[in-house]
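Structure first, then comments.
Protein chains: 4
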Amino acid sequence: MIVEMVTGVNVEQVDGVVQRAKSMGFQVQLNLGTEKTVVAILGGNTGQLPTETFAVLPGVESVTRIMKPYKLASREFKATDSVVSCGGVKVGGKGFVVMAGPCAVESEEQLMEVARAVKGSGASILRGGAFKPRTSPFSFQGLEEAGLKLLARAKKTYGIPVVTEVVDPHEVSLVAKYADILQIGSRNMQNFALLTSVGKSNCPVLLKRGFSCTVTEWLTAADYLLAEGNNKVMLCERGIRTFEDSIRFSLDISSIPVLKRASHLPVIVDPSHAAGHYALVPAIAKAALAAGADGILIEVHPNPKEALVDGLQSLSTSDFARLMKELKPIAEAVGRHI
Amino acid sequence: MIVEMVTGVNVEQVDGVVQRAKSMGFQVQLNLGTEKTVVAILGGNTGQLPTETFAVLPGVESVTRIMKPYKLASREFKATDSVVSCGGVKVGGKGFVVMAGPCAVESEEQLMEVARAVKGSGASILRGGAFKPRTSPFSFQGLEEAGLKLLARAKKTYGIPVVTEVVDPHEVSLVAKYADILQIGSRNMQNFALLTSVGKSNCPVLLKRGFSCTVTEWLTAADYLLAEGNNKVMLCERGIRTFEDSIRFSLDISSIPVLKRASHLPVIVDPSHAAGHYALVPAIAKAALAAGADGILIEVHPNPKEALVDGLQSLSTSDFARLMKELKPIAEAVGRHI
Amino acid sequence: MIVEMVTGVNVEQVDGVVQRAKSMGFQVQLNLGTEKTVVAILGGNTGQLPTETFAVLPGVESVTRIMKPYKLASREFKATDSVVSCGGVKVGGKGFVVMAGPCAVESEEQLMEVARAVKGSGASILRGGAFKPRTSPFSFQGLEEAGLKLLARAKKTYGIPVVTEVVDPHEVSLVAKYADILQIGSRNMQNFALLTSVGKSNCPVLLKRGFSCTVTEWLTAADYLLAEGNNKVMLCERGIRTFEDSIRFSLDISSIPVLKRASHLPVIVDPSHAAGHYALVPAIAKAALAAGADGILIEVHPNPKEALVDGLQSLSTSDFARLMKELKPIAEAVGRHI
Amino acid sequence: MIVEMVTGVNVEQVDGVVQRAKSMGFQVQLNLGTEKTVVAILGGNTGQLPTETFAVLPGVESVTRIMKPYKLASREFKATDSVVSCGGVKVGGKGFVVMAGPCAVESEEQLMEVARAVKGSGASILRGGAFKPRTSPFSFQGLEEAGLKLLARAKKTYGIPVVTEVVDPHEVSLVAKYADILQIGSRNMQNFALLTSVGKSNCPVLLKRGFSCTVTEWLTAADYLLAEGNNKVMLCERGIRTFEDSIRFSLDISSIPVLKRASHLPVIVDPSHAAGHYALVPAIAKAALAAGADGILIEVHPNPKEALVDGLQSLSTSDFARLMKELKPIAEAVGRHI
């Protein structure tokens, strides 16, 4: 942690910083520049220390963190890529994992039709929402436990693991009874009550990025899960909020190489929620694969025109089949397989 | 709702839109322009209808909502300003309400000292966090119920109502037992499980704006609370995330006149969380008052240098006393009183 | 253009809107909804009409544009992809065009070394800056005309066309004397004096996206060039400014499919300026190719550690050679060639 | 400048950083932490040094600037507030300066009517655009030199200095012949050819903030002007681009106290361009005054409904008169006068 003192700082003020650091067990080194005095505070845990500890002291101009605020999610903590096993499917290895299915589970017929189709086209995990966090109280909120039961049936029938969202800290064990992967939605990335509860389960978890959270905040949220003992954490980039209005969220393609350098956790990309429109989904899916993502999460609906939720961003089953065909040669070109 | 068809649309495609609208009970009017065909869909509830209902149909280029997605929070629904009574203090009337106190309740001594000081300087509501949502799992998480009990004691001793945050849908009744106002934090603005639970209580609620949510999304979240029957809703602007890095969050000063036109709900401003630095707090507080806010929420700590949470953004009790003195003539100049 | 009237509008106010529209030669259609009156204004040129023409009238709540503000750059104006010939290299066809070279031309030796290397690895256009717009007045500003002359020499020696930036409307003919493509930088995307001047030349132009401009504004800026008669316009996505701080600019990968739907103009991607760091460049370059871009613009330096400008984002010549090898199979996988 | 080395760095890599720093005449201090090696580079000019100088070296993880990249605009360079005299009106002192007038000069009649009205209501500077940078090539572009002549006439008739925009580096002396203040528009804040040209004139200049530029970039652009010898620089906050869509640009109210701490230059606020709608202008104007701005720039039109440019954001002359009456008691409350 680097503490820059104001121009014209006096000795007592510098000493105040030094004493506070020493009282906390840190080492200190002074840089007496010609124009600025800078205090370097050294030690293994300065990443988790709030910068405010020093910023509030008199004579301090700014405090810069050198160590990152996350630890367990970092590649410095674990150098090799983590591979998470989800109901038998490995995420984070050489395979490029396609998770596909409807935004919301609507009926047995709908879910079974999609499950059969996406499995047939090469998807290895089935997605489907039972508890839906909706921005308007007047919208369809999901089938809840009945939806979970349908997912379990589809899983058994087609032999495909399922991922579904959990929204309430008190429903984690209920959802984990049916699901192979618990999804934490974008709006809940910093719902710490939920993170703690999911961290205590032993179920693989797909942590979606908060649509306005930095990569650093995202990895710090992952640390919440990891710190509770759940190390089956996967990250899911799903677009960030920007000024651009031609798309619902701007997919942050560079988060893929950034995460691959900073963290050992697998990275999944959700083109559907970012795009908000089916016509943009294939281009983003291909880009994610080429950029090094470990998988994608795609919305597929047997009849997008009649979907209760997010039909506009869903691929039809035939569009999805075509996309899978187009992804395969790209996967090969980058040394992966689907 | 306005549905624009693509150039070269055919009759069947236009008819598809018309039929879907009619099947849902809406009236339809066709605009056959020289270059574009546009279908207007009319009726009282088109604001709550997802634009996708039509956007997924063949031949549709774009769909524009004319009615807003929120209803109960709108000034069209209720023309006169709502005034919320919080433990005897009226928020939303002629008075400019100052809510002040520490970010986190740390000890009886700390809380009592601040409560006495802020009450003495003219604050009419005491703030203090017992459950703290922290971005890092390694940070201080609050005193929890012990903190609520200290707040109740301060309230009794100094005759000042209290506002405190609730983070878990299953703790709403616990917190409401002690608090006069339930605060919903920025990261929970779209935690719909929490909104529904708070909406079912009858306790006044301060809904902080999600730091990346639009005013429209914020008022739609307020509709969640109002739809459950709780009409004691107050809004709190606390800064939005932008590219600017000289401040923690950019306070959206224009949200004040925007909300005053669009909604009947009282508007509070939190300069402390936006600023992230005590030196910026007074200027923002004065701006909020001049722009028409109904109150402010300010962090005050007896010894900011030793605060466990957010000390850098806290005013000392003497800085707070000075700010209160500076606010009074401005309040008078804009026809209000403190 | 759709004009929504306020709730409770009176007949005179509606008539005011109708009369203004008719006086401008537009057709009008009234939608008298149960809650809202909406006036549709129809005609071929409503896209270029400011929404304010109606928004200022009494009784108007909002005005929504249906037609886009740009015209000549749109796919509705020209359905087939434009192919721009630049010194014999076709941009916008089946080929994926790689433009590579140093950020700034520093010396003959540096430029020749890079030109030979990038040409040898398969680049078909040489980039190099002679006039550098720098954010600080204390930074290196470029070799100016001497730099242009070196570019001309490299072009002659290696038979490779060159792209270079122009920053002053009065230097367009000077730069066009040496360059095969004029580049308009991000900070000048809305420098209308410059756009007009470049539009009057007949030289191919690479219009970089303003780092905070929407796709709509970008295509409207392209209309400035096209309206002056220069139809050799290429677009260059180079990242947008967002809150994310792990990268210099967030590359807007979805702008590629968005542009391909909305416009007939070729799309180039600049991973180097977006990334700001060489380690992130290859992943973004591959993503751009997979997503459907027509080419990339890459910074290459013989010795990035000693570059006067932007060394950190430059690939070394050997890193560039490796990237070219990795791009080729991806190009094949998506039906293109390099 | 603080150079953080990667974990596991070797001695040669650290030495590479040290040698480069020493070769440039800087002092170096090493911090050998338990987990990280950090090199502090000290000396008076490290603010103007690109961070890349060190970031490209092997073994470097990140480089953090301690000194700001601007110098002449900083309060460290000049501790006391600058006061700029503009045709006899002092900007930056105790007075709160109101600059008002039409967005574009349209005719003698229009300009004279506004000039008389705003002067009568207490404005001390007349604004009016003669050269208009418009986002669409099909929009009204201004009266150009004829507009400047009308401004000169209004100035003479009513004894009020004028501010007007310059857009082309080759027109600076033409505009300076008529104007008391040269305005540099938001889209030209980083048009370095223009900044250099205006910096060479001796005319007061109002530098509008680029709508997506940080405060640091803005002050660095001011350094361009100051470095050329023009020290009559005033800054103008006019809103930044964010995700919020209820307003055209989000006025960054906190930039006022941030600038007042960081710089000695006067700060003006333009509520009209930020708001985009007249109904939001008064609240923002009052907030700017309360927050410590030195003046405002307001659009006023005798008949906003007929304005050729930006009518929606213009106040009528009577609305402006009312605003001036409301501002006066607030000015008094904060110790200023209008």
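Protein chains in written order, with this note's numbering: chain A, 1 to 338; chain B, 339 to 676; chain C, 677 to 1014; chain D, 1015 to 1352.
C-beta atoms are modelled at their ideal positions from N, C-alpha and C, and glycine is treated no differently.
*asked:* Could you give the first and the last residue of the continuous beta strand (DSSP E) run that contains V1097 of chain D?
replied: Locating residue 1097 of chain D in the fourth sequence gives position 83, counting from the first residue. Annotation: V1097 of chain D is outside any beta strand (DSSP E) and is labelled neither H nor E by DSSP.
*Taking the continuous beta strand (DSSP E) assigned at K621 of chain C, which residues delimit it?*
The question about residue 621 of chain C has no answer here: the residues shown for chain C are numbered 677 through 1014.
*Nonlocal neighbours in the same chain, by C-beta distance under 8 angstroms from G768 of chain C, ignoring five residues either side*: Reading the third sequence from its first residue, position 92 is the one you call residue 768 of chain C. Result list for G768 of chain C: D757, S758, V759, V760, M910, L941, P942 and D970, in chain order.
*asked:* Is it the case that the segment 275-284 of chain A contacts the segment 62-76 of chain A, given that we only count it when at least three CB pairs across the two stretches are under 8 angstroms?
replied: As far as the Cβ criterion goes, the segment 62-76 of chain A does not touch the segment 275-284 of chain A, which means the pair count is below three.
*Taking the CB atoms as reference points, tell me whether I522 of chain B and L545 of chain B lie closer together than 8 angstroms.*
Within the second sequence, residue 522 of chain B is the residue found at index 184, counting from 1. Within the second sequence, residue 545 of chain B is the residue found at index 207, counting from 1. By the CB criterion at 8 angstroms, I522 of chain B and L545 of chain B fall inside the cutoff.
*asked:* Would the segment 997-1006 of chain C count as touching the segment 311-328 of chain A if we require 3 or more Cβ pairs under 8 angstroms?
replied: No contact exists between the segment 997-1006 of chain C and the segment 311-328 of chain A.
*asked:* Please confirm whether M5 of chain A has its beta-carbon closer than 8 angstroms to some beta-carbon of chain D.
replied: Position 5 of the first sequence, counted from the first residue, corresponds to residue 5 of chain A. So no, M5 of chain A is outside the interface.
*For H264 of chain A, which of helix, strand or coil comes out of DSSP?*
For this step, residue 264 of chain A is matched to residue 264 along the first sequence. DSSP places H264 of chain A in the coil class of the three-state scheme, outside both helix and strand.
*E444 of chain B: which of B:A626, B:K663, B:P667 and B:H639 sits nearest, CA to CA?*
Here residue 444 of chain B is taken as the residue at index 106 of the second sequence, counted from 1. Checked all of B:A626, B:K663, B:P667 and B:H639; the closest Cα to E444 of chain B is B:H639.
*List the residues of chain D whose Cβ lies closer than 7 angstroms to the Cβ of L589 of chain B, in chain order.*
Taking the first residue of the second sequence as position 1, residue 589 of chain B is located at position 251. Contact note: L589 of chain B reaches chain D through I1267 and S1268, using a C-beta cutoff of 7 angstroms and chain order.
*Can you tell me the Cα-Cα spacing of V436 of chain B and I498 of chain B, whole angstroms?*
Translated into positions along the second sequence, residue 436 of chain B becomes position 98. Translated into positions along the second sequence, residue 498 of chain B becomes position 160. Annotation: V436 of chain B to I498 of chain B spans about 11 angstroms, alpha carbon to alpha carbon.
*Please go through the segment 547-580 of chain B and give each complete beta strand (DSSP E) segment of 3 or more residues, from N-terminal end onward.*
For the segment 547-580 of chain B, the continuous beta strand (DSSP E) assignments of 3+ residues that do not extend past its boundaries occur at 571-575, in sequence order.
*Which residues bound the beta strand (DSSP E) around V739 of chain C?*
Taking the third sequence and counting its residues from 1, the one referred to as residue 739 of chain C is at position 63. For V739 of chain C, the enclosing beta strand (DSSP E) starts and ends at V736 to T740.
*Name the chain A residues whose beta carbon is nearer than 8 angstroms to that of R1255 of chain D?*
If you number the fourth sequence from 1, residue 1255 of chain D lands on position 241. Within 8 angstroms Cβ-Cβ: F243.
_Quick check on P329 of chain A - is its C-beta less than 8 angstroms from some C-beta in chain C?_
Taking the first residue of the first sequence as position 1, residue 329 of chain A is located at position 329. Yes, P329 of chain A counts as interfacial toward chain C.
_Which residues DSSP lists as bridging Y1221 of chain D, in chain order_ = One-based indexing of the fourth sequence puts residue 1221 of chain D at position 207. Tyr is not the amino acid found at residue 1221 of chain D; the sequence shown has Leu there. Note: L1221 of chain D sits in a beta bridge opposite D:I1198 and D:L1249.
_Check whether F469 of chain B and V510 of chain B have beta carbons under 8 angstroms apart_ = Counting from one through the second sequence, the residue named residue 469 of chain B turns up at place 131. Counting from one through the second sequence, the residue named residue 510 of chain B turns up at place 172. No, these two residues do not count as a Cβ contact at 8 angstroms.
_Amino acids of chain D, ordered along the chain, whose beta-carbon sits closer than 7 angstroms to that of A442 of chain B_ = For the purposes of this step, residue 442 of chain B is taken as residue 104 along the second sequence, with counting starting at 1. Near A442 of chain B there are no residues of chain D at all, since even the closest Cβ is about 24 angstroms away, more than 7 angstroms.
*State the beta-bridge partners of Q703 of chain C as determined by DSSP.*
Looking up residue 703 of chain C in the third sequence gives position 27. Q703 of chain C pairs with C:L718.
_Within 8 angstroms of any Cβ in chain B, is that where the Cβ of I1298 of chain D sits?_
Taking the first residue of the fourth sequence as 1, we reach residue 1298 of chain D at position 284. I1298 of chain D counts as touching chain B.
*Using beta-carbon positions only, say whether A1129 of chain D and Y1172 of chain D come within less than 8 angstroms of one another.*
Sequence index remark: in the fourth sequence, residue 1129 of chain D carries index 115 (1-based). Sequence index remark: in the fourth sequence, residue 1172 of chain D carries index 158 (1-based). Against a cut-off of 8 angstroms, the Cβ pair of Y1172 of chain D and A1129 of chain D comes out as a contact.
*Can you tell me which of B:I340, B:V355, B:G346 and B:T345 puts its alpha carbon nearest to the alpha carbon of K305 of chain A?*
Counted from its first residue, the first sequence places residue 305 of chain A at position 305. The candidate whose alpha carbon is nearest that of K305 of chain A is B:V355.
*Assess, as a yes-or-no matter, whether the segment 206-222 of chain A is touched by the segment 187-195 of chain A under the definition of 3 or more beta carbon pairs within less than 8 angstroms.*
By the Cβ rule, the segment 187-195 of chain A counts as touching the segment 206-222 of chain A, because three or more pairs are nearer than 8 angstroms.
*What residues from chain A crowd round D657 of chain B, counting only those whose CB sits closer than 8 angstroms?*
The residue given as residue 657 of chain B occupies position 319 in the second sequence. Within chain A, no residue comes near D657 of chain B; the closest Cβ sits about 13 angstroms away, beyond 8 angstroms.
_Rounded straight-line distance, which links the Cα of L251 of chain A to that of C103 of chain A_ = On the first sequence, residue 103 of chain A is found 103 positions in, with the first residue counted as 1. On the first sequence, residue 251 of chain A is found 251 positions in, with the first residue counted as 1. C103 of chain A and L251 of chain A have their alpha carbons spaced roughly 18 angstroms apart.
*State the start and end residues of the unbroken beta strand (DSSP E) segment that holds A1114 of chain D.*
Position 100 of the fourth sequence, counting from 1, holds the residue named residue 1114 of chain D. Counting along the chain, the beta strand (DSSP E) containing A1114 of chain D begins and ends at V1111 to G1115.
*Provide the residue span of the beta strand (DSSP E) that contains V839 of chain C, from first to last.*
For the purposes of this step, residue 839 of chain C is taken as the residue at position 163 of the third sequence. For V839 of chain C, the enclosing beta strand (DSSP E) has its first and last residue at V838 to E841.
*Between the segment 502-530 of chain B and chain D, which residues of the former have a C-beta closer than 9 angstroms to a C-beta of the latter?*
From the segment 502-530 of chain B, no residue has a Cβ closer than 9 angstroms to chain D.
_Between which two residues does the alpha helix (DSSP H) holding G1213 of chain D run?_
Numbered from 1 along the fourth sequence, position 199 holds the residue referred to as residue 1213 of chain D. Start and end: F1206 to K1214.
*State the CB to CB distance for the pair K493 of chain B and V500 of chain B, rounded to an integer number of angstroms; the pair is presumed to be in contact (CB under 8 angstroms).*
Residue 493 of chain B sits at position 155 when you count from the first residue of the second sequence. Residue 500 of chain B sits at position 162 when you count from the first residue of the second sequence. Yes, K493 of chain B and V500 of chain B are in contact; Cβ-Cβ is about 5 angstroms, under 8 angstroms.
*How close, in whole Å, do the beta carbons of S888 of chain C and S1226 of chain D come, if the pair is a contact with beta carbons under 8 angstroms?*
The count along the third sequence starts at 1 and reaches residue 888 of chain C at position 212. The count along the fourth sequence starts at 1 and reaches residue 1226 of chain D at position 212. About 3 angstroms separates the two Cβ atoms, so the contact holds.
*Nearest to I298 of chain A by CA position, among A:A291, A:A290, A:L308 and A:G276, is which residue?*
By 1-based counting over the first sequence, the position of residue 298 of chain A is 298. Measuring from the Cα of I298 of chain A, the nearest candidate turns out to be A:G276.
*Positions along the segment 201-215 of chain A whose CB lies within less than 7 angstroms of some CB in chain B*: Those residues of the segment 201-215 of chain A that come within reach of chain B (Cβ to Cβ, closer than 7 angstroms) are F211 and S212.
*Output yes if chain A places a C-beta closer than 8 angstroms to the C-beta of I1352 of chain D; else output no.*
Counting from 1 along the fourth sequence, the entry for residue 1352 of chain D is found at position 338. Residue contact check for I1352 of chain D against chain A: no CB pair falls below 8 angstroms.
*asked:* Do I340 of chain B and T727 of chain C count as a contact pair if the criterion is CB distance below 8 angstroms?
replied: The sequence position of residue 727 of chain C within the third sequence is 51, counting from 1. The sequence position of residue 340 of chain B within the second sequence is 2, counting from 1. No, the Cβ-Cβ distance between T727 of chain C and I340 of chain B is not below 8 angstroms.
*Name the chain A residues that come within less than 8 angstroms of V934 of chain C, Cβ to Cβ?*
Numbered from its first residue, the third sequence carries residue 934 of chain C at position 258. For V934 of chain C, the C-beta contacts it makes with chain A under 8 angstroms involve S246, I247 and L280, in order along the chain.
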